[in-house]
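Be aware that the sequence shown starts at 366, since it is given in the working numbering, and climbs by one per residue.
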Amino acid sequence: MDRLSLHAEERQILGKKVKRLRKDGKLPAHVFGKALDSESVAVVTADFLKTFLLAGETGVIELKIGSEKIRPVLVRDVQYDPIGGQPIHIDFYQVDLTKKVKVSVPLLLIGEAPEKVHLGEAILLQTLNEVEVEALPADLIEKIEVDTSLLKEIDDAITIGQLSYDREKLTIAIDSEEIVVKLAPAVTAQMEKLLEEQAAEAAAVQAETAVPAEGPASAEATAGEEGEAPAEQPAGEPKEGEEKAS
């Protein structure tokens with residue numbers, strides 16, 4: 366990656382007063398590194414955004430502080446305003462160009478999606494989005510590309526050992542058999558079993574509600590269906606076959 370440069374100025378404004386810097390179109394920042402004292406600086410916001418777009422977190426930037434000091438740095442962290450989303454602070458990490466550093470590099474999927482994905486039979490399952498690499502600062506790369514067009518059949522996978530990168534300059538401390546992306550079935554066996562169980566339960570419930578329960582009708586229902594209930598015997602009247610008391 367080509368070396369980029371960014372101008373910075375020493376900063377005396379600290380604490381809550383840095384709001385004034387942001388209003389003037391500048392960002393507060395710190396420069397730190399091994400065996401180095403942290404230094405407070407400020408950079409022009411527009412210049413930093415242009416440089417950061419090209420360098421990312423793996424490109425070495427020549428940070429020119431004032432008119433004399435030049436420090437090779439990496440952008441270690443950028444803090445953003447949670448409401449507006451604008452950058453509000455930067456951490457630059459000064460590196461020794463003769464010693465290796467460890468950084469995270471994103472894994473970018475490229476290539477035409479497999480045919481089975483277009484047919485809805487499979488999905489691309491990316492299990493790793495980035496890897497930590499070790500390299501000299503000048504040998505760091507922005508990303509590692511993963512060609513998914515190599516995947517043809519269900520359960521085909523691309524592992525760390527199959528990635529294309531310069532193994533003489535970069536070291537990835539992950540097992541070579543670790544899967545980066547695989548062609549997985551659109552519906553897994555576990556999901557199919559669950560769907561079958563749910564369908565069976567639904568069918569059983571439907572069968573139970575479709576057949577009414579059988580049983581003897583109540584006495585009131587029977588009487589209402591077969592005829593009128595007998596009239597009640599008036600009080601004091603003799604029953605049939607009995608004489609009325611005189």
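By construction, the Cβ of each residue, glycine as well, lies at the ideal position given by its N, Cα and C atoms.
Since the model is a prediction, treat every value here as computed from it, not as a measurement.
Between the CA atoms of residue j and residue i - distance to the nearest angstrom
i	j	result
Leu321	Ala522	Nothing about residue 321 can be reported from this structure: the residues present for the chain run from 366 to 611 only.
Thr423	Pro502	8 angstroms
Leu544	Leu490	Checking the displayed sequence, the identity of residue 544 turns out to be Ile instead of Leu. C-alpha separation (whole angstroms): 10 angstroms.
Ala551	Ile488	5 angstroms
Val406	Glu497	29 angstroms
Val443	Lys388	18 angstroms
Asp456	Ser529	31 angstroms
Glu566	Glu499	55 angstroms
Leu386	Glu542	49 angstroms
Glu593	Thr574	Any reading at Glu593 is ruled out, since the residue's pLDDT is 46, under 50, leaving its predicted position unreliable.
Pro595	Glu561	Reliability fails at Pro595, whose pLDDT of 48 lies under 50, so the model's placement of it is uncertain and the value that follows must be treated cautiously. Going from the Cα of Pro595 to the Cα of Glu561 covers about 58 angstroms.
Ala568	Ile525	47 angstroms
Glu616	Lys391	Residue coverage of the chain in this structure runs from 366 to 611, which leaves residue 616 outside it and unanswerable.
Gly380	Ala394	12 angstroms
Glu318	Ile509	Nothing about residue 318 can be reported from this structure: the residues present for the chain run from 366 to 611 only.
Of the listed residues the options, nearest to residue i (C-alpha basis)
i	options	result
Phe397	Val460, Glu518 and Gly526	Val460
Val539	Glu495, Ala549 and Ile426	Residue identity check: residue 539 is Ile in the sequence provided, not Val. Nearest option by C-alpha distance: Glu495.
Pro428	Tyr458, Gln451, Ile509 and Asp504	With the sequence shown as reference, residue 428 is identified as Leu, and Pro is not the correct amino acid for it. Nearest C-alpha to Leu428: Tyr458.
His372	Lys384, Glu433 and Val383	Glu433
Leu462	Gly450, Pro471 and Ile435	Ile435
Gly421	Lys547, Arg368, Val408 and Glu542	Arg368
Ala549	Thr492, Leu472, Val570 and Ala569	Thr492
Gln527	Glu518, Leu535 and Asp512	Asp512
Gly519	Lys384, Lys547, Val570 and Val470	One detail in the question is off: residue 519 reads as Ile in this sequence, not Gly. It is Lys547 whose Cα lies nearest to the Cα of Ile519.
Lys384	Glu533, His454 and Gly450	His454
Ile430	Val470, Ser370 and Glu533	Ser370
Lys464	Lys534, Pro471, Leu472 and Tyr445	Lys534
Residue burial classification, residue i (beta-carbon count within 10 angstroms, cutoff 16)
i	result
Lys467	exposed
Ile448	exposed
Leu401	exposed
Arg376	buried
Val408	buried
Glu404	buried
Lys382	exposed
- Whole runs of the alpha helix (DSSP H) within the segment 372-417, excluding any shorter than 4 residues: 384-388
- Item | the segment 476-484 in contact with the segment 437-453 per 3-pair CB rule at 8 angstroms | no
- Query: Any chance the segment 477-492 sits against the segment 412-428, with 3 or more Cβ pairs inside 8 angstroms?
  - Reply: no
- Item | Length-filtered (3 minimum) beta strand (DSSP E) runs lying within the segment 446-495 | 452-459, 466-475 and 487-491
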